[in-house]
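Reading through the structure tokens given below for one structure.
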Amino acid sequence: MNTSKILKNFHGRLEDLGYKGQVISAKRIPDLRNNMQTLRDQSLIPSPLYEDYKRYFEFEVKVDFPEVNSLFTIAKPVPQHRVIFNWRGKELRLIIPPTYFNNKEITNEVKAILAEVLSPEGFNFTYARLPQKTLAVRGGLAEYGRNNISYIQGMGSFFRLTTFYTDFPVEEDNWRELKMMELCNKCSACINNCPTGAISTDRFLLHVERCLTHHNEQPGEIPFPEWIDPSWHNCLVGCLQCQNVCPANKKVKDWTEAGPVFTEEETKLLTNKQELDSLPTKLMRKLKKFEFAHYLKVFPRNIGGILKK
């Protein structure tokens, strides 16, 4: 078995596609868990948020093959999307940041790449739920910005990370401590442009309780805090205020592709609490096409907040 040749084929395939990737030893998984626990113990992330993370991430590996030896992570460049809502005779144009659309499609694409590279050599793999940004930064694939967003050379923050557990053997990797981009040391663009004051100089970690993205991703029945000014909303979900002014995004910040267009009737439906199965077939298909049905329950609150601007 020539592991060097397999790795060369892996990185060569990614280069052909314009993607990037890393291969890290599975022995690093406890480090990822310990990093989260340390932040909780230092009261740097609220306990409720820590519990949410703990329920989502899978640090206790359960796979259907004998052992997990490595973590294959792939970064695919992805654009932001423009979504149009027709409302009272006008078009309401909103941006969806990178990573919100077509996640299942990207996961399947990464799976196909690994099937091409690993399966012929007899190796197994399965999807991993791990802290992707931390994994990419500590593995050397990415670096953190002061805004706690991860950045990759040539991609900025416009990429989607996908990781798989594998039984491919890895003896050495590029594991390192968390690293912030050097340009952040002399830049305060994100601090100055964050409307909520979530990014500060008193610590590296974001004040997540003030982050607009944190609030507009909450379940739809949770209202926005009264201190959030409607004029701060700039995306249907998420926020791009810090990423738009980041020098590392200079070459990618205008990369925008067309998302769904909703008629006025559809917009009215989306601003009211609806179950997916109760929606007209055409609207349901539109949401499923862009893998956006997951956010259906936040639409009434988020769109309502934007219409107050």
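Heads up: the sequence shown begins at 1 in full-length UniProt numbering, then just goes up one per residue.
No residue lacks a Cβ here, since even glycine has one placed at the ideal position from N, Cα and C.
Cβ-Cβ distance between residue i and residue j below 9 Å
i	j	result
residue 37	residue 255	no
residue 129	residue 56	yes
residue 199	residue 242	yes
residue 249	residue 193	no
residue 271	residue 299	yes
residue 73	residue 112	no
residue 26	residue 69	yes
residue 196	residue 211	yes
residue 88	residue 264	yes
residue 28	residue 71	yes
residue 230	residue 308	yes
residue 83	residue 96	yes
residue 98	residue 208	no
residue 53	residue 131	yes
Coarse secondary structure for residue i, derived from DSSP in three states
i	result
residue 44	coil
residue 91	strand
residue 183	helix
residue 222	coil
residue 230	helix
residue 27	helix
residue 70	strand
residue 81	strand
residue 158	coil
residue 75	strand
residue 191	helix
residue 304	helix
residue 18	coil
residue 299	helix
residue 168	coil
residue 310	Shown here, the chain extends from 1 to 309; a query on residue 310 therefore has no answer.
residue 163	strand
residue 196	coil
Other residues of its chain near residue i: CB distance less than 8 Å, five sequence neighbours each side excluded
i	result
residue 290	81, 101, 102, 259 and 260
residue 284	276, 277 and 293
Anticipated Cβ contact below 8 Å, residue i with residue j, distance rounded
i	j	result
residue 168	residue 127	Between residue 127 and residue 168 the Cβ distance is about 15 Å, and since that is not below 8 Å, they are no contact.
residue 233	residue 306	5 Å
residue 77	residue 158	6 Å
residue 65	residue 108	No, residue 65 and residue 108 are not in contact; Cβ-Cβ is about 20 Å, not under 8 Å.
residue 75	residue 161	5 Å
Residues near residue i in its chain [Cβ-Cβ closer than 6 Å; skip 5 each side]
i	result
residue 297	220
residue 33	59
residue 85	92, 262 and 267
residue 147	190, 199 and 242
Chain-order list of residues whose beta-carbon lies under 7 Å from that of residue i (same chain, five-residue window excluded)
i	result
residue 140	22, 174 and 176
residue 302	216, 236 and 237
residue 151	142, 143, 145, 157, 181 and 248
Mind pulling the beta strand (DSSP E) runs of 3 or more residues that sit fully within the stretch 234 to 295? 256 to 262
Uninterrupted beta strand (DSSP E) stretches inside the stretch 84 to 150 (no shorter than 3 residues): 90 to 96 and 125 to 127
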